[in-house]
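If you're matching positions, the sequence shown starts at 1 in my numbering and goes up one per residue.
Note that CB positions come from ideal geometry on N, CA and C, so glycine has one too.
It should be emphasised that the depicted structure is a prediction, and the values quoted were computed from it without experimental measurement.
Everything below concerns the one structure shown next.
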Amino acid sequence: MRLDPIVDALSAIKNAEMVGKNIIYLSPVSKLLKNILKILKENGYIKEYEYIENHRGGVMKVILKGKIHNIGAIKPRFPVKWKEIELWERKFLPSYTMGLLIISTPKGLMTHEEAKKNRIGGRLIAYVY
């Protein structure tokens, strides 16, 4: 029984990176997972992702680059104001310039850097470095 598909998907990516796999298949698929993978691709953490329809919720094929040291979901999904983002960076990321926090905002999913630039808060979803 799956309680949180996002946690399952991110831990599967982390385990595949640790073992050295190049391709991983994730299911079930949601809009949130698709947007997280889009952010990971834009920032160079994964090579490619593709949605495959199987009439049971779909499957995501993710091609890994081997650049992820650690990735995980943040539970509970803490609310964060844009002024407090730096405090959460110190808590979850190893260094100021290394890694990303993924934040769900009223304007969609974005990285912590974009949220600070747009001066918008939201809820913490995941971290990656």
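Find the nearest neighbour of residue i within the set the options, judged by alpha-carbon distance.
i	options	result
PRO28	LYS67, TYR127, PRO5 and ASN70	PRO5
ILE120	TYR127, PRO106 and ALA126	PRO106
TRP82	ILE102, ASN70 and GLY72	ILE102
ILE85	GLY72, GLY108, LYS61 and ASN118	ASN118
PRO94	PRO79, ILE125, VAL80 and HIS69	HIS69
MET130	ILE39, LYS41, LYS75 and LEU33	The chain is shown from 1 up to 129; residue 130 falls before or after that span and cannot be answered.
VAL7	LYS116, TYR96, ALA73 and TYR45	ALA73
LYS14	ILE46, GLY108 and ILE125	ILE46
GLU113	ASN35, ILE39 and LEU10	ILE39
SER30	GLY44, LYS41 and ARG56	ARG56
Write down the C-beta distance between residue i and residue j rounded to the nearest angstrom, noting that I regard them as a contact closer than 8 Å.
i	j	result
TYR129	MET98	5 Å
LEU58	TYR49	One detail in the question is off: residue 58 reads as Gly in this sequence, not Leu. That pair is no contact at about 12 Å.
ARG90	ARG123	Rounded, the Cβ-Cβ distance is 18 Å, inconsistent with contact.
TYR127	LEU100	7 Å
ILE125	SER104	5 Å
ALA12	LEU3	Not quite, the Cβ-Cβ distance comes to about 15 Å (not below 8 Å), so this is no contact.
Tell me, which residues are paired with residue i by DSSP?
i	result
GLY122	VAL80
LEU100	VAL128
ALA130	In the structure displayed, the chain extends from 1 to 129; residue 130 sits before or after that span and is not available.
For the pair the segment 63-76 and the segment 9-25, tell me if three or more CB-CB distances fall below 8 Å. A contact exists between the segment 63-76 and the segment 9-25.
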